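Sequential numbering from 0 applies to the sequence shown in numbering that gives the first Met the number 0.
Idealized CB from N, CA, C, for every residue including glycine.
The model shown is predicted, which means the values in this text are computed figures rather than measured ones.
To start, the structure itself, in C-alpha cells.
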Amino acid sequence: MKKKIKTLFKIKYVLLVLTIILLGSIVLTYARGGNLSTYKNGIVSIFSPVRNAVAGIRNAINNSAEEKKSKEELKAENEELRTENEKLKSIIEKYQTDIYELQELKSLLDLSGEYSAYGTVAANVIGKNTGNWIYEFTIDKGSDDGIEMYMNVVADGGLAGLVTDVGKNYSVVTSILADDMNVAGISSTTRDSCIVSGDLELLEEGRIRIMYVHGDADIKDYDRIVTSTTSNRYLPHILIGYAHDITMDNNELTKSGYLVPAVDFQHLEYVMVIKHVKGKNKE
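So this is what it looks like as C-alpha cells:
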C-alpha cells in the first residue's frame, strides 16, 4: 500500500514538471504565431497513459483499502463467533455436569429404595487422600445425622466402603481399596464364595484382589461379585464389582484373581450411608 502511494506521488511530480515544460512551449509558440494543434496532440499522447496509470494506482489503493476494511470486518466477525462458541461450550459443559450429577443422584435414589427398610443418608464427599484412587475419604454427615461406626457406604450402585470414624457433622469412610479391607463375596452367577481384599499396590490399576476361590469354582471374567450373607460387617447382595483374570493358584486347591470395583473411585462425589450396623467385629 505505502509503495503504491509513493509511486502515485512520483507520477504527480513528473506530471507537474511536464506541465510546466509544455506550458512554456505553448506560450513561446503562441508568442511566435505558431500552430498549437501539434501541442494539443502531444499533450493528449503524453498525458493519456499517465492519466490511465494514475487512475490504475488510485483504483488499486481504493481496492486495497476496501480489502483491508473487509479483512477487519471478517476479523471482527470471527472474534464474535469465537466468543459465541466459548459461551456455547460453557453451556454444554454445564449441562453435561448437571446430567452427570442427576445420574449420580438417581443411582443413590435407586439404592435408597433397595435399603429403605434400614433407612439411608445421602452425603457429599468433602475430602479424600491424595492420588487418583480413593482408599479413604470424608463425608459431610456424622452422628448428628444418625451415622455410626461400621455402617455400609454405597455409590454408583455398588459397595464403596465402611464408616471407620464418626464426628458430629462428618464421618471418615475407609474404601474397599484399602489394604486392611476384606469383604466376603459370592458370585451372583455360580454362587461360589470368595474374599475380596484391598491392595494399595493395585490402586493405579483400579483393581483389587479376589482370593480363596475354591479350585472347582467356575467364576469367569465379568461375573458379578456381591457381598455374601456370611459377612459380619456388610449387608448381603451389595454389588462389589466384576471378576477378572481368575486363575488356579500354585497349590492347585484354590483360585485367585482380580476384581474391578463397581464404584468409580477416581470421580467419587456422592455416596449413601445405609443406617444399619450388621455386626460389631470387623471382618
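Legend entry - Opposing strand residues paired with V195 [DSSP bridges]: When beta bridges are read from the DSSP output, V195 appears opposite V182, I209.
Legend entry - Nearest residue (CA-CA) to T173, options K74, S69, E71, V270: If we check each option's Cα against that of T173, V270 comes out closest.
Inset, instruction - Reducing DSSP to helix, strand and coil, say where K140 ends up. - result: K140 falls in the coil class under three-state DSSP.
Inset, instruction - Taking only the alpha-carbon atoms, compute the straight-line gap between T119 and E147 and give it to the nearest angstrom. - result: A straight-line Cα-Cα distance of about 12 angstroms links T119 and E147.
Inset, instruction - Return the chain-ordered list of same chain residues with a C-beta closer than 8 angstroms to the C-beta of A261, the five sequence neighbours on each side being excluded. - result: Excluding five sequence positions before and after A261, the CB atoms of its chain that fall closer than 8 angstroms to its own CB belong to D155, G156, G157, L158, L238, I239, G240, Y241, given in chain order.
Inset, instruction - With distances taken Cα to Cα, identify the nearest neighbour of F264 among L252, N250, G160. - result: Minimum Cα distance to F264 is reached at G160.
Inset, instruction - Work out the CA separation of L267 and D220 for me, nearest whole Å. - result: When rounded, the distance between both Cα atoms is 25 angstroms.
Inset, instruction - Output the boundary residues of the beta strand (DSSP E) element that contains V259. - result: Run containing V259: 253-260, per the beta strand (DSSP E) assignment.
Inset, instruction - Spatial neighbours of V225 within its chain, please: CB distance less than 7 angstroms, with the 5 preceding and 5 following residues excluded, ordered by chain position. - result: Non-local C-beta neighbours of V225 in its own chain, meaning closer than 7 angstroms and more than five positions away in sequence, comprise G184, I185, S187, H236, I237, L238, I239, ordered along the chain.
Inset, instruction - Go ahead and label L73 buried or exposed: buried means 16 or more other beta carbons lie within 10 angstroms of its beta carbon, across all protein chains shown. - result: Around the Cβ of L73, a 10 Å sphere holds fewer than 16 other Cβ atoms; the residue is exposed.
Legend entry - Beta-carbon contacts of D198 that lie in its chain and below 7 angstroms, excluding the five residues immediately before and after: So the list reads D178, I207, R208, once near-sequence residues are dropped.
Legend entry - Of the listed residues S170, N181, G145, Y149, nearest to K127 (C-alpha basis): The candidate whose alpha carbon is nearest that of K127 is S170.
Legend entry - Rounded separation between I273 and L234 - CA only: Whole-angstrom Cα-Cα distance: 9 angstroms.
Inset, instruction - Using 10 angstroms around the beta-carbon of K254, count the other beta-carbons present and answer buried if the total reaches 16, otherwise exposed. - result: Buried.
Inset, instruction - Within 10 angstroms of the Cβ of E103, are there 16 or more other Cβ atoms? Answer buried if so, exposed if not. - result: Caution applies to E103, whose pLDDT of 49 falls short of 50 and renders its modelled position unreliable; the value that the coordinates give is listed next. E103 should be labelled buried.
Inset, instruction - Using the Cα positions of M180 and R190, report the straight-line distance between them to the nearest angstrom. - result: Each residue's alpha carbon lies about 22 angstroms from the other.
Legend entry - Classification of N295 by the beta-carbon crowding that lies within 10 angstroms, buried from 16 upward: Nothing can be reported for residue 295: it is not among the residues displayed for the chain, which extend from 0 to 282.
Legend entry - Sequence-distant residues of its chain with Cβ nearer than 8 angstroms to T137 (five each side left out): The residues are V124, I125, G126, K127, Y169, S170, V171, V172.
Inset, instruction - Name the one or two DSSP bridge partners that K127 has. - result: Paired residues: F136.
Inset, instruction - Please list, in chain order, all residues of the same chain as E203 whose beta carbon is under 8 angstroms from its beta carbon, the five residues on each side excluded. - result: Cβ neighbours of E203 beyond the five flanking positions: N131, W132.
Inset, instruction - Answer yes or no: the CB of S255 versus the heavy atoms of the ligand NAP, is any distance below 8 angstroms? - result: Although the ligand NAP was asked about, the structure shown includes no ligands whatsoever.
Inset, instruction - Under 8 angstroms by Cβ, that's how I've got S230 and V182 pegged, so tell me the actual separation to the nearest angstrom. - result: Indeed, because the Cβ distance is near 6 angstroms, the residues count as touching under 8 angstroms.
Inset, instruction - Label A122 either buried or exposed according to how many other C-beta atoms from any shown protein chain fall within 10 Å of its C-beta, with 16 as the threshold for buried. - result: If you draw a 10 Å sphere on the C-beta of A122, you find 16 or more other C-beta atoms in it, and that means buried.
Inset, instruction - State buried or exposed for K167, treating a residue as buried only when at least 16 other CB atoms are found within 10 Å of its CB. - result: Classification of K167: exposed, given that the 10 Å Cβ count is below 16.
Inset, instruction - Hey, could you find the ends of the beta strand (DSSP E) S174 is sitting in? - result: Residue range 170-174 is occupied by the beta strand (DSSP E) that includes S174.
Legend entry - Spatial distance of S69 from A75 (CA atoms): Answer to the nearest angstrom: the Cα atoms are 10 angstroms apart.
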